[in-house]
Amino acid sequence: MEIRFEPTKTPKAKPQDETKLGFGHIFTDHMFAMNYDAGQGWHDARIVPYGEISLSPAAMCLHYGQEIFEGLKAYRTADGTVQLFRPDENYKRMNNSAERMVIPKIDEKFMVEATKKLVEIEKDWVPHTDGASLYIRPFIFATDPYVGVKPADHYLFLIILSPSGPYYSTGLDPVKIYVEQKYVRAVRGGTGFAKTAANYAISLKGQDEAHEQDYEQVLWLDGVEQKYIEEVGSMNIFFVIDGEVITPELTGSVLPGITRKSALEVCKAKGIKATERRITIQEVADAYDAGKLDEVFGTGTAAVISPVGHLKWGDKVMTINDNKIGKISQMLYDTMTGIQWGKIEDKFGWTVKIG
Ligand code: COI
1 MEIRFEPTKT
11 PKAKPQDETK
21 LGFGHIFTDH
31 MFAMNYDAGQ
41 GWHDARIVPY
51 GEISLSPAAM
61 CLHYGQEIFE
71 GLKAYRTADG
81 TVQLFRPDEN
91 YKRMNNSAER
101 MVIPKIDEKF
111 MVEATKKLVE
121 IEKDWVPHTD
131 GASLYIRPFI
141 FATDPYVGVK
151 PADHYLFLII
161 LSPSGPYYST
171 GLDPVKIYVE
181 QKYVRAVRGG
191 TGFAKTAANY
201 AISLKGQDEA
211 HEQDYEQVLW
221 LDGVEQKYIE
231 EVGSMNIFFV
241 IDGEVITPEL
251 TGSVLPGITR
261 KSALEVCKAK
271 GIKATERRIT
281 IQEVADAYDA
291 GKLDEVFGTG
301 TAAVISPVGH
311 LKWGDKVMTI
321 NDNKIGKISQ
331 MLYDTMTGIQ
341 WGKIEDKFGW
351 TVKIG
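My numbering numbers the first residue of the sequence shown as 1 and each following residue consecutively.
Dropping the structure here:
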């Protein structure tokens, strides 16, 4: 499919101080857009000036949340080239989310091409500063003006771009996580594995209560027994117990993170034992009491590798690795960011060059 390009007549000034970008506040000059209409399929692919969209107040996405999204990044390497990290994985996951949310799929290769074309046009917006990148947010939502509950007949697919710094204001300093015991994020047969707005909306109440106790994020337990560890919501979670790297297996209620998958592959390539299995919060607490909980860290596109310094479960507060980044977390951070920013050789073939 052809992608039409309509350049902006009013380009914006780029951020002057890239150390103060924050995350997800600033948007570039252009966005990708494409419509779906039943009977016609996906059509009218275009790159147009970034701007407000008009939507009926009755648009179905606003009432019943039929929406999916993705998150990936473009990185500027030392020699000035711009590259993406495993974009094919993002669009494979987007189609899995689409299937669950009854949204029409889009050809994955086409979505990668559209992303490359948009980033190429906006390549001057890719930050030059260490640790900063261009966050890419593709998303699809239902636009039919109808307040009945059914899968929509009309959708809009947009890709917007945001030059961003670290997701957590703490950067690579360890985050404080609170184990959620009241609310749940996902249940068996639900939408936990899909990247859909509802999974994030449902997490806000727990996050709010965690903030009141000075904790940054919530660690979700399974929705049935509230015993097994699932994920943080903004990232997947890993434990290093007695030298073994453990992350909850993908049971359907955990997001299949691309950084999660890559971290497991890096561990395996380095000969570190890395296991995907069910793990209870009790097992983590027992390992802590036995002095065997070496490290805890989260993985995510936005979060990269985020060490966890404090884990609070009820009245128990576990201080992990003296509230410092651990050896395996640091190795994974260096390897992942090294590949992403082109500082080390990409032996896995994960990066995709723009232009
Ligand atoms: C990402 O890591 O890209 C996400 O979509 C998570 C979101 C909380 C920023």
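For each residue, glycine too, the CB sits at the ideal point set by N, CA and C.
From a predicted model like this one, the values you see are computed outputs, not experimental measurements.
Where residue i falls, given that 16 or more other Cβ within 10 Å makes a residue buried
i                 : result
lysine 195        : buried
serine 56         : exposed
phenylalanine 239 : buried
glutamine 340     : buried
glycine 342       : buried
valine 317        : exposed
valine 149        : exposed
glutamine 16      : exposed
glutamine 83      : buried
isoleucine 53     : exposed
isoleucine 344    : exposed
aspartate 334     : exposed
alanine 269       : exposed
proline 161       : In the sequence under discussion, the amino acid at residue 161 is leucine, which differs from the proline named in the question. Burial call: buried.
glutamine 207     : buried
arginine 277      : exposed
Backbone secondary structure at residue i - three-state DSSP
i              : result
methionine 318 : strand
proline 87     : helix
histidine 25   : coil
leucine 250    : coil
alanine 59     : strand
histidine 128  : coil
serine 164     : strand
alanine 38     : coil
isoleucine 106 : coil
glutamate 276  : strand
arginine 188   : coil
aspartate 380  : With the chain covering only 1 through 355, there is no way to say anything about residue 380.
tyrosine 200   : helix
methionine 94  : helix
tyrosine 135   : strand
glutamine 66   : coil
lysine 195     : coil
glutamine 213  : coil
alanine 263    : helix
glutamate 120  : helix
tyrosine 333   : helix
Pairwise C-alpha distance: residue j and residue i
i               : j              : result
isoleucine 241  : isoleucine 140 : 39 Å
aspartate 37    : arginine 86    : 29 Å
asparagine 95   : glycine 131    : 29 Å
aspartate 315   : glycine 51     : 48 Å
tyrosine 168    : valine 304     : 10 Å
lysine 117      : valine 224     : 44 Å
leucine 158     : arginine 46    : 10 Å
threonine 275   : threonine 247  : 6 Å
glutamine 217   : tryptophan 42  : 37 Å
glutamate 180   : proline 174    : 19 Å
threonine 10    : aspartate 214  : 42 Å
proline 163     : aspartate 289  : 42 Å
glutamine 172   : threonine 251  : Strictly speaking, residue 172 in this sequence is leucine, with glutamine absent from that position. Going by the C-alpha atoms only, they are around 29 Å apart.
phenylalanine 5 : isoleucine 121 : 10 Å
threonine 81    : tyrosine 146   : 46 Å
glutamate 99    : aspartate 322  : 44 Å
glutamate 18    : alanine 74     : 15 Å
isoleucine 325  : isoleucine 354 : 33 Å
glutamine 282   : methionine 331 : 27 Å
valine 126      : glycine 22     : 14 Å
tryptophan 220  : glycine 309    : 17 Å
glutamate 296   : alanine 287    : Just to set this straight, residue 296 is valine in the shown sequence, not glutamate. The straight-line gap from Cα to Cα measures roughly 12 Å.
leucine 156     : methionine 101 : 14 Å
valine 39       : threonine 191  : This sequence places glycine at residue 39; valine is not what is there. Their Cα atoms are separated by approximately 27 Å.
lysine 105      : lysine 182     : 35 Å
Pick from the options that is closest to residue i, judged by C-alpha positions
i              : options                          : result
lysine 292     : Trp313, Val245 and Lys316        : Val245
alanine 33     : Asp88, His63 and Ala114          : Ala114
alanine 13     : His310, Asp29 and Thr19          : Asp29
valine 363     : Ile279, Val266 and Lys105        : Lying before the first or after the last residue shown, residue 363 is absent from the chain, which here runs from 1 to 355.
methionine 336 : Glu2, Ile202 and Val266          : Val266
glycine 92     : Phe110, Val284 and Glu230        : The displayed chain sequence assigns lysine, not glycine, to residue 92. It is Phe110.
glycine 243    : Asn35, Ile272 and Ile202         : Ile272
alanine 59     : Thr351, Lys123, His154 and Glu70 : His154
methionine 1   : Glu108, Asp88 and Pro7           : Glu108
lysine 237     : Leu204, Val284 and Asp208        : Looking at the sequence itself, residue 237 is isoleucine, so the reference to lysine does not match. Comparing Cα positions, the closest option is Val284.
lysine 312     : Gly233, Val184, Tyr178 and Asn90 : Tyr178
isoleucine 137 : Asn90, Ile106 and Thr143         : Note that residue 137 is arginine in the sequence shown, not isoleucine. Cα-wise, what sits closest to arginine 137 is Asn90.
valine 48      : Gln40, Gly39 and Met31           : Met31
valine 112     : Ala142, Gly71, Thr143 and Met101 : Gly71
arginine 260   : Gln226, Asp294 and Ser306        : Ser306
valine 232     : Asp124, Ala186 and Ala142        : Ala186
threonine 319  : Ala263, Lys176 and Ser133        : Lys176
valine 352     : His63, Thr143, Gly300 and Thr77  : Thr77
*Taking 8 Å as the threshold, find out whether the segment 62-72 comes into contact with the segment 195-212 through three or more Cβ pairs.*
yes
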